[in-house]
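*Asks:*
Number of protein chains: 2
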Amino acid sequence: MNVEKNRVIGIDIGGTGTKIGVVDARGKILARDESIVTNAYSTFEEFINAMCGVIERLIKITDSKEKVRGIGVGAPDSNFYTGNIEHAFNLPWKDVLPLARMLSERTGIPVRVTNDANAAAIGEMTYGTAKGMKNFIVITLGTGVGSGIVINGELVYGCDGFAGELGHVTMVRGEDGRLCGCGRKGCLEAYCSATGVARTAKEFLAKTNTPSLLRDLETITSRDVYDAALKGDKIALEVFEFTGRILGEAIADFIAISSPEAIILFGGLSRAGNLLLDPLQRSLDKNVLHTFKGKTKIILSQLPDSDAAILGASALAWE
Amino acid sequence: MNVEKNRVIGIDIGGTGTKIGVVDARGKILARDESIVTNAYSTFEEFINAMCGVIERLIKITDSKEKVRGIGVGAPDSNFYTGNIEHAFNLPWKDVLPLARMLSERTGIPVRVTNDANAAAIGEMTYGTAKGMKNFIVITLGTGVGSGIVINGELVYGCDGFAGELGHVTMVRGEDGRLCGCGRKGCLEAYCSATGVARTAKEFLAKTNTPSLLRDLETITSRDVYDAALKGDKIALEVFEFTGRILGEAIADFIAISSPEAIILFGGLSRAGNLLLDPLQRSLDKNVLHTFKGKTKIILSQLPDSDAAILGASALAWE
Chain A
1 MNVEKNRVIG
11 IDIGGTGTKI
21 GVVDARGKIL
31 ARDESIVTNA
41 YSTFEEFINA
51 MCGVIERLIK
61 ITDSKEKVRG
71 IGVGAPDSNF
81 YTGNIEHAFN
91 LPWKDVLPLA
101 RMLSERTGIP
111 VRVTNDANAA
121 AIGEMTYGTA
131 KGMKNFIVIT
141 LGTGVGSGIV
151 INGELVYGCD
161 GFAGELGHVT
171 MVRGEDGRLC
181 GCGRKGCLEA
191 YCSATGVART
201 AKEFLAKTNT
211 PSLLRDLETI
221 TSRDVYDAAL
231 KGDKIALEVF
241 EFTGRILGEA
251 IADFIAISSP
261 EAIILFGGLS
271 RAGNLLLDPL
281 QRSLDKNVLH
291 TFKGKTKIIL
301 SQLPDSDAAI
311 LGASALAWE
Chain B
1001 MNVEKNRVIG
1011 IDIGGTGTKI
1021 GVVDARGKIL
1031 ARDESIVTNA
1041 YSTFEEFINA
1051 MCGVIERLIK
1061 ITDSKEKVRG
1071 IGVGAPDSNF
1081 YTGNIEHAFN
1091 LPWKDVLPLA
1101 RMLSERTGIP
1111 VRVTNDANAA
1121 AIGEMTYGTA
1131 KGMKNFIVIT
1141 LGTGVGSGIV
1151 INGELVYGCD
1161 GFAGELGHVT
1171 MVRGEDGRLC
1181 GCGRKGCLEA
1191 YCSATGVART
1201 AKEFLAKTNT
1211 PSLLRDLETI
1221 TSRDVYDAAL
1231 KGDKIALEVF
1241 EFTGRILGEA
1251 IADFIAISSP
1261 EAIILFGGLS
1271 RAGNLLLDPL
1281 QRSLDKNVLH
1291 TFKGKTKIIL
1301 SQLPDSDAAI
1311 LGASALAWE
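Which chain is which? The protein sequence lines are A and B, in order. Note that the working numbering has the first sequence beginning at 1, numbered continuously upward. Note that the working numbering has the second sequence beginning at 1001, numbered continuously upward.
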């Protein structure tokens, strides 16, 4: 008798923790585990063993293995085509790690792998606000800036599996551009990530004597800037104005290229809501090519924070 | 008896002339006509009549109508989804022109319409240097800068049919940016079109006293700059260096977004060959994100100049 394969497993591998969940076709997480500390394993093989243990346990809790259609994994610097993690900065194991092959050999379940921003885009398309959309971009605003681009209903992987590095288009050219983690200057990520927001705050504080709640802090995070802005702090509000302006300029360029139906903002910084959206929309309206004016919606992701990473990864396994 | 439909018709509607050709499956033009002067017709209907007359004649010369699979048209400001030309700047008739509908009603042959840059991309994929490629971008360097983007083997039209405006990404932000024909400032097109090259030459001449062959000319075209550069003219060589640098910076961003296998340069300015390619490649190598270094080939279109527009348009009709 054929059992209907109506479950998928989503795994989100992060630099600190790894989350695993069993998900049904409507995006309900039936069982989850967040106990794996990624950097506690000295070899990749031990890490795979730990994941397999958790997967086995979650499958037992929820039902039989026969119902599981596949495993989707979101992992940094991972390649959809090869299923490998390649030279990841934020993981304890270097070189090329054959994630998909090892995991599918051990579990007997098909495995698909992509980076977290692409997983977020597939998650939005499968369970989220992009259901039914054929052309949209998810921009993840976290420690870095990533993106998952969907065109004609398909994710854009490019010729090598690494397309979608919107965080590394150049926004400020020449020597004035901020040094980015990638070694180049002026990247979008250096301005519009959570880290970029904190940097902008420090720059603005250094440039003026304007009183600010942020002056009392020893270290400044984007969360501090957000809290201060909510209290009407002038510098903090200027930081969001600046961040929104640059993101709006970048999005105007992305729209000229792929004319998406929507841009979906995802990740930590997107929780700033209108503090970011208002200046972003003003900047976009000012900078977008006339042909595209008013055509692309800017939307905040509606996937619940705690579930988004597992859901996004799991959505890969339906494909 | 079923006749094999192994012919297509390609039509290139330009601001001055309109070219029509019957093309076989290998990209051979079996018959062609370039007699239609686009702006000689006061109404769009008269223009359609003229095209239908030519089409009928070309079909008679080459064979029977039953063998014609479809008509593909490349036209400015045209929309693949609707088949309309919408508010074209360079055509004598304004408003929305239902090109595909009128032409297919009159000829009884299916008609597909797109802009010339998209037609060029489909042409390269069908008969040209992009045969077998799934991810590439054609950049047309003519009076303006246009592009046809192919991702996962399909042309990118976006949500409204107008995607691919690479000529209008912003390369120089703020007030220093050159005014572009679109009304915005700093667009790629304002620097890397044939017109942009002539503008750069005038700027460079005004800024210095360096002797130059270009100083003797009353008006300067990109062709003049090319001729002078071939003779070793310092200013002219600097103009190509500058143009290549900006185009390389832009292409570095496009690669970060879609990681294409190749960028194919097409149109008037691409005939400058290594004068443009050398500084472009240097700039690209300097600016591209490390992940993508050396992965994307920069290629000059190999389609013969005189045939490219008809071939590109005709390729639409195979789809």
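Positions of the beta carbon are idealized from the N, C-alpha and C atoms, including for glycine. Values in this document were obtained by computation on a predicted structure and should not be read as measured data.
(1) In chain A, which residues lie less than 7 Å from N1115/B when you measure between Cβ atoms?
(2) Quick one: give me the first and last residue of the beta strand (DSSP E) that F1136/B is part of.
(3) CB-CB under 8 Å to T1221/B, same chain, minus the five flanking residues each way: which ones, in chain order?
(4) Given that G1158/B touches chain A, what residues does it touch there, using C-beta distances under 7 Å?
(5) Do you know offhand how far M125/A's Cα is from V225/A's?
(6) Where do the ends of the beta strand (DSSP E) carrying V239/A lie?
(7) Taking the runs of the alpha helix (DSSP H) that are 4 residues or longer, which of them lie wholly in the segment 136 to 219 of chain A?
(8) Could you tell me which chain B residues have their CB closer than 8 Å to the CB of C182/A, listed as they occur along the chain?
(9) Using only CA atoms, which one of I264/A, D33/A, N84/A, G83/A lies nearest to I61/A?
(10) Can you list the residues of chain A that K1295/B reaches, using a CB-CB cut of under 7 Å?
(11) Rounded to a whole number of angstroms, what is the C-alpha to C-alpha distance between V169/A and G158/A?
(12) Just to confirm, is the Cβ distance from G1148/B to A1121/B under 8 Å?
(13) Quick one: give me the first and last residue of the alpha helix (DSSP H) that T1107/B is part of.
(14) Can you tell me the Cα-Cα spacing of R57/A and A50/A, whole angstroms?
(15) With distances taken from CA atoms, which of I13/A, K19/A, G196/A is nearest S306/A?
(16) Tell me which residues of the segment 1231 to 1256 of chain B have at least one Cβ-Cβ distance to chain A shorter than 9 Å, keeping chain order.
(17) Using CA atoms only, rank isn't needed, just tell me which of E1203/B, F1089/B, V1156/B, T1043/B is closest to T1143/B.
(18) Please determine, among R1101/B, D1095/B, T1291/B, P1092/B, the residue with the shortest C-alpha to C-alpha distance to I1071/B.
(19) Measuring CA to CA, which of T16/A, G14/A, V23/A, N2/A is closest to V8/A?
(20) Compare the C-beta of R1325/B with all C-beta atoms of chain A and state if any pair is closer than 8 Å.
(21) Since L97/A meets chain B, which of its residues come closer than 7 Å, beta carbon to beta carbon?
(22) Does N118/A pass the burial test, meaning 16 or more other C-beta atoms within 10 Å, or should it be called exposed?
(23) Just the Cα atoms here: how many angstroms apart are G1108/B and I1013/B?
(24) Here's the rule: buried if 16 or more other CB atoms are within 10 angstroms of the residue's CB, otherwise exposed. What is A1262/B?
(25) Report yes if the C-beta distance between I1029/B and I151/A is below 8 Å; otherwise report no.
(26) Under 8 Å, with one C-beta from each stretch per pair, do the segment 1267 to 1279 of chain B and the segment 1295 to 1313 of chain B reach the 3-pair mark?
(27) Roughly how many angstroms separate the alpha carbons of I55/A and G21/A, rounded to a whole number?
(28) Take the Cβ of D285/A as the centre, count every other Cβ of all protein chains shown within 10 Å, and call the residue buried at 16 or more, exposed below.
(29) Residues of chain A with CB under 9 Å from E1154/B, in chain order?
(30) Closest by CA to S1064/B, which one among D1233/B, E1238/B, E1004/B?
(31) Could you pull the start and end residues of the alpha helix (DSSP H) that K1060/B belongs to?
(32) Does any residue of chain B have a CB that is nearer than 8 Å to the CB of L284/A?
(33) For V1169/B, go through chain A and note every residue whose CB falls closer than 8 Å to its CB, in chain order.
(34) Can the beta-carbon of L1097/B be found less than 8 Å from the beta-carbon of N1084/B?
(35) So, is the C-beta of D1166/B closer than 8 Å to a C-beta in chain A?
*Replies:* With the structure as the only source:
(1) Simply none; closest approach about 11 Å.
(2) 1136 to 1141
(3) A1194, A1198
(4) N135, S258, S259, P260
(5) 31 Å
(6) Note, V239/A: premise wrong, no beta strand (DSSP E); alpha helix (DSSP H) at 234 to 258.
(7) 189 to 192, 194 to 207
(8) Going along chain B in sequence order, the residues near C182/A (Cβ under 8 Å) are L1289, H1290.
(9) D33/A
(10) C159, D160
(11) 16 Å
(12) yes
(13) 1099 to 1107
(14) 11 Å
(15) Closest by alpha carbon: K19/A.
(16) Result list: E1249, A1252, D1253, F1254, I1255, A1256.
(17) F1089/B
(18) Comparing Cα-Cα distances from I1071/B to each of R1101/B, D1095/B, T1291/B, P1092/B, the minimum goes to R1101/B.
(19) V23/A
(20) This structure cannot settle anything about residue 1325/B, because the visible part of chain B is limited to 1001 through 1319.
(21) Near L97/A there are no residues of chain B at all, since even the closest Cβ is about 17 Å away, more than 7 Å.
(22) buried
(23) 20 Å
(24) buried
(25) no
(26) Touching, yes, given that three or more Cβ pairs across the two stretches are closer than 8 Å.
(27) 8 Å
(28) exposed
(29) I151, N152, E154
(30) Ranking D1233/B, E1238/B, E1004/B by Cα distance to S1064/B puts E1004/B first.
(31) 1044 to 1062 is the span of the alpha helix (DSSP H), which, as asked, contains K1060/B.
(32) no
(33) D253, A256, I257
(34) With contacts defined as CB atoms closer than 8 Å, L1097/B and N1084/B qualify as a contacting pair.
(35) Residue identity check: residue 1166/B is Leu in the sequence provided, not Asp. Cβ-Cβ to chain A under 8 Å: yes for L1166/B.
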